[in-house]
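Have a look at the structure below, then the notes.
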Amino acid sequence: MTRTQHTMQDPRSQYPALDIPEQRQKEPGLDSELQPKADHGETTYVGSGKLQGRKALISGADSGIGRAVAIAFAREGADVAITYLPSEQNDAEETLRIISKEAGETIAIPGDLSEETFAQDLPNNIMKAFGGLDIIVNNAGKQIYCDDITKLSTDQLDATFRTNIYSMFWIVQSALEFLPPGASIINTTSIQSYQPSAGLLDYASTKGAITSFTKGLSAQLIERGIRVNAVAPGPIWTPLQPSFGQPMEKLTHFGEQSPYGRAGQPAECAPAYVFLASQESSYTTGEVIGVTGGNWTP
Ligand code: NAD
Ligand code: MG
Numbered sequence: 129m130t131r132t133q134h135t136m137q138d139p140r141s142q143y144p145a146l147d148i149p150e151q152r153q154k155e156p157g158l159d160s161e162l163q164p165k166a167d168h169g170e171t172t173y174v175g176s177g178k179l180q181g182r183k184a185l186i187s188g189a190d191s192g193i194g195r196a197v198a199i200a201f202a203r204e205g206a207d208v209a210i211t212y213l214p215s216e217q218n219d220a221e222e223t224l225r226i227i228s229k230e231a232g233e234t235i236a237i238p239g240d241l242s243e244e245t246f247a248q249d250l251p252n253n254i255m256k257a258f259g260g261l262d263i264i265v266n267n268a269g270k271q272i273y274c275d276d277i278t279k280l281s282t283d284q285l286d287a288t289f290r291t292n293i294y295s296m297f298w299i300v301q302s303a304l305e306f307l308p309p310g311a312s313i314i315n316t317t318s319i320q321s322y323q324p325s326a327g328l329l330d331y332a333s334t335k336g337a338i339t340s341f342t343k344g345l346s347a348q349l350i351e352r353g354i355r356v357n358a359v360a361p362g363p364i365w366t367p368l369q370p371s372f373g374q375p376m377e378k379l380t381h382f383g384e385q386s387p388y389g390r391a392g393q394p395a396e397c398a399p400a401y402v403f404l405a406s407q408e409s410s411y412t413t414g415e416v417i418g419v420t421g422g423n424w425t426p
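For the sequence shown, the numbering used here gives the first residue as 129, with consecutive numbering after it.
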């Protein structure tokens, strides 16, 4: 029997504990250089029309969680626009190669989300390409490890906040002109929003902000019939980690501390985004779904 996301199995052994060799990439990391490879559901995710005809924007979907969400959304029938940084061209092409086999339209837009005008122009660019916009997944993120607040540069602080949280404000501000009732906004927050690591102070602070942004925005947008939710992943094996997201001694043991004893895979995050994007979650807004391997969110 072919394994799919529906196949019943012990979640602890669904994926092996990773054997992670020492590796370092410049930021942003590339999936093509990640060892071992991550699973984005390429061979397992099966769609069932949950997002038929929807038009979705997913930021940072060249790799990692974003790529898994792009694959799932495309297989659920959506038109999918992905964003990526110019240095991630090859990863973006791989995501496009996979999702362009599905029925919907696809587009990939390169650019830096820490730049206000790029973020603000995105909704309009997707309107031009697809003629509509129904789902926004604010997923792009920057994580650079630094365990001493006195060594944290203002440049890093600024870039992390602009990329992780300012961009969400900018995208939503300009998307509201287009989003119809029934639209869904999904933000990627993190277990770091609730259990911050000592070495991820700036990053964890943005994730706390994203969780608050999600709840507050949901209260503002329900008047328009738009829902706003978030997904809080735990340790997920993606190129964010070896590109200075973790110190080497933590990287080689990534995910081992979770109650499952293993890191999660991007493929295991995607169904939460599908649920929140689809009408199946009609009575859910301002909520955060944890995908943490057993580390509780409040
Ligand atoms: P990833 O590196 O595969 O994806 C992050 C993407 O963010 C990159 O591909 C890149 O395209 C984009 N990005 C970074 N800086 C950018 C910028 N300045 N402008 C535009 N795009 C930019 O890693 P991932 O782990 O899949 O990360 C996706 C999201 O998940 C992030 O928000 C991250 O904080 C969050 N997250 C990850 C984990 C984990 O353990 N991997 C855990 C919790 C939350
Ligand atoms: Mg990437």
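Cβ atoms here follow ideal geometry from the backbone N, Cα and C, with glycine treated the same way.
Quantities reported herein were computed from a predicted structural model and do not represent experimental measurements.
Annotation for Asp190 indicates a beta carbon within 7 Å of some heavy atom of the ligand MG.
Minimum Cα-Cα distance from Asp138 among the listed residues Trp365, Ala184, Leu280, Gly389 corresponds to Gly389.
DSSP, read as helix, strand or coil, puts Asn266 in strand. Proximity to Ala347 across Gly392, Gly414, Leu213, Asn292 peaks at Gly414, based on C-alpha coordinates. Secondary structure at Ile210: strand, using DSSP grouped into helix, strand and coil. The Cβ atoms of Val419 and Ala400 sit closer than 8 Å to each other. Annotation: the continuous alpha helix (DSSP H) that includes Ala200 extends over 192-203. Counting of Cβ neighbours within 10 angstroms places Ser141 among the exposed residues, the total staying below 16. Distance from the CA of Ser281 to the CA of Thr130, rounded to the nearest whole angstrom, comes to 49 Å.
Under the three-state reduction of DSSP output, Leu329 falls in the helix class. Taking 3 residues as the minimum length, the beta strand (DSSP E) runs contained wholly in the stretch 340-373 are 355-361, in order along the chain.
Distance from the CA of Thr278 to the CA of Ile226, rounded to the nearest whole angstrom, comes to 44 Å.
Taking one beta carbon from each stretch, the stretch 356-363 and the stretch 309-326 have 3 or more pairs nearer than 8 Å; the two touch. According to the DSSP assignment, Ala236 belongs to the beta strand (DSSP E) that extends over 234-238.
Its chain contains Gln153, Lys154, Glu155, Pro156, Gly157 as the residues whose beta carbon lies nearer than 7 Å to that of Ser371, once the 5 sequence neighbours on both sides are disregarded; these appear in chain order. For Ser187, the distance from the CB to the nearest heavy atom of the ligand NAD is below 7 Å.
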